[in-house]
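**Q**
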RNA sequence: CCAGAUGGUCGGAUGGCCGCUGCUGUAUUCAUACAGGAGAGGAAAGUCCGGGCACCACGGAAGAACGGUGCCGGUUAAUGGCCGGCGAAGGUGACUUCAGGGAAAGUGCCACAGAAAGCAAACCGCCUGUUUUAUAACAGGUAAGGGUGAAAGGGUGCGGUAAGAGCGCACCGCUCCGCUGGUAACAGCGGGGGCAGGGUAAACCCCACCGGGUGCAAAAUCAAAUAGGAACGUCAGUCUUCGCAAGAAGACAGCCCUUCUUCCGGGGUGUCGUUCGGGUAGAUUGCAGGAGGGUGCUGGUAACAGCAUCCCUAGAUGAAUGGUCAUCCCUCUGUUGCGCCUUACGGUAAUUCAGAGGACAGAACCCGGCUUACAGACCAUCUGGAUAA
RNA sequence: GCGGGUGUGGUUCAAUGGCAGAACGAGAGCUUCCCAAGCUUUAGACGAGGGUUCGAUUCCCUUCACCCGCU
């Protein structure tokens with residue numbers, strides 16, 4: 025995409041507040057793959073240039089060791105991928121599923137890129153003039 | 001060599017690329033670069049005990065209540081931990097396990113079965129006597145045997161007796177006294193008593209000892225916004241008092257409440273600004289040098305203590321300490337099959353190749369324990385058995 | 001991280017240490033032309049492991065799961 029090549033994202037900051045997670049989940053824009061779920065919403069900063077990411081690994085993933093490992097792999101995937109393919113001015117939330125632990129790392133990168141591509145195409149569709157409230161997600 | 005017992009150590013290794021969080025140094029745009037060096041455990045877990053530390057409460061001591069602990073001695077900051085000993089139970093043994101005070105202070109309970117479940121009593125029995133041809137009935141004695149039960153008022157043997165019975169005796173058990181050893185728990189020996197005194201205290205209880213409460217989201221410092229508080233200034237309708245004035249006090253008016261409108265009554269209340277104090281979000285400290293660890297010596301059976309010397313070893317906060325790739329190591333499975341056994345089929349299996357797997361588990365103020373989870377590997381001491389010399 | 005609490009049939013709850021029960025639900029039968037309702041009847045549980053006791057759902061210890069409170 026042309027727009028992405030213009031994006032020069034110098035830093036990826038981390039979401040930490042429960043309020044932000046609830047706001048992004050209420051945005052109802054998400055895409056599910058086998059190993060993860062990606063949610064996205066427009067950021068609330070006035071600057072509009074930030075790119076923020078939140079990570080979630082619930083107790084369903086496993087005990088503390090497994091949750092921590094899932095978050096570390098998520099961070100590594102996001103660090104390698106989102107700098108090129110993410111859109112700035114948006115907040116992302118990545119949720120780990122159980123397959124996060126057993127899948128290979130290449131598969132995780134493919135899953136994340138696929139989710140981002142589908143979400144970006146949905147947003148392109150939005151700019152075409154449709155009402156965003158009637159988005160069938 | 002096989003099977004065990006006890007105690008301890010480790011719990012994947014190396015390298016490439018890309019990253020994360022503190023610390024130190026340098027540079028500057030003062031929060032960023034670069035360099036150096038550091039960065040999870042034996043259980044970090046469960047939160048079951050004990051302390052440090054912080055705040056709150058409290059004049060001291062004792063008692064009551066509540067909770068806990070419970071053989072004896074030692075160790076420790078302290079403990080319900082640990083070490084040593086005693087007793088009981090289990091094991092051929094090394095060794096292991098034990099909430100292991102008091103049932104002769106009192107209360108409660110012991111279902112069903114059984115005659116009887118607690119000051120003993122007597123169902124079937126046994127024995128004697130009377131009546132009766134006999135069977136049997138009645139009266140008395142007795143508790144050995146049977147039966148019930150988890151448990152039936154010491155056990156075994158001999159004597160004794162009409163039958164029996166601690167009725168008598170021997171041994172064992174119980175209990176009391178004395179002596180000896182031991183700090184003690186307790187053990188040994190001797191003598192007396194003559195069988196009373198069932199079990200249950202993880203039932204109430206009694207005795208001895210211990211315990212103030214809350215917990216780093218404790219607490220301290222700095223300190224936005226909003227609301228409320230205090231001080232000062234400013235403005236505010238009328239009247240009265242004080243005062244030359246500035247101003248202060250009081251009353252009425254105004255505004256709000258008293259369900260709604262009016263009147264009466266009652267209650268409350270100034271506007272704005274600045275500052276202060278308390279204090280929330282947030283930030284910093286608390287917070288990593290400590291009941292610290294390694295080695296050696298000394299004392300002690302040991303837990304542990306003392307001395308000397310060396311070392312500094314995580315500090316995150318939606319929570320770092322990694323991600324990925326390659327090689328090696330270990331285990332398992334499959335393929336090939338040197339060699340060995342076998343006539344052969346076949347069996348075992350060095351090696352090669354391929355695949356899968358490599359446990360339990362992540363610090364959150366710190367420390368001492370306990371408990372629970374854990375693939376495997378190694379070391380030391382000891383026990384039982386087999387073989388050889 | 002810290003502090004509390006609860007585990008009993010499929011569900012909601014009882015039960016002095018002595019045969020584990022009630023209601024609803026499930027199955028079968030009776031009744032009815034059929035269904036519902038009603039009546040009769042059956043099956044089904046003490047979270048797990050140890051200990052004390054003659055005997056444990058109950059008492060004690062360990063463990064597992066779940067719930068609540070503290071920002």
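Numbering (our numbering), first residue to last: 25 to 161. Idealized CB from N, CA, C, for every residue including glycine. Bear in mind that the values here come from a model prediction, so they are computed numbers and not experimental data.
1. Roughly how many angstroms lie between the CA atoms of residue 144 and residue 91, to the nearest whole one?
2. Check each candidate in 146, 110 and 102 and name the one with the smallest Cα separation from residue 60.
3. Who are the near neighbours of residue 49 in its chain, counting only those whose CB is closer than 8 Å to its CB and skipping five residues on each side?
4. Please go through the same chain and pick out, in chain order, the residues whose beta-carbon is closer than 7 Å to the beta-carbon of residue 137, but skip the five residues on each side of it.
5. In the DSSP output, which residue or residues are listed as bridge partners for residue 60?
6. So, residue 120 versus residue 58, is the Cβ gap smaller than 8 Å?
7. Could you check whether residue 115 and residue 67 sit closer than 8 Å to each other, using their CB atoms as the reference points?
**A** With the given structure in hand:
1. 28 Å
2. 102
3. 63 and 117
4. Here residue 137 has 105 and 109 as same chain residues with Cβ atoms under 7 Å from its own Cβ, once five neighbours each way along the sequence are excluded.
5. 120
6. Judged by their CB atoms, residue 120 and residue 58 are not nearer to each other than the 8 Å cut-off.
7. yes
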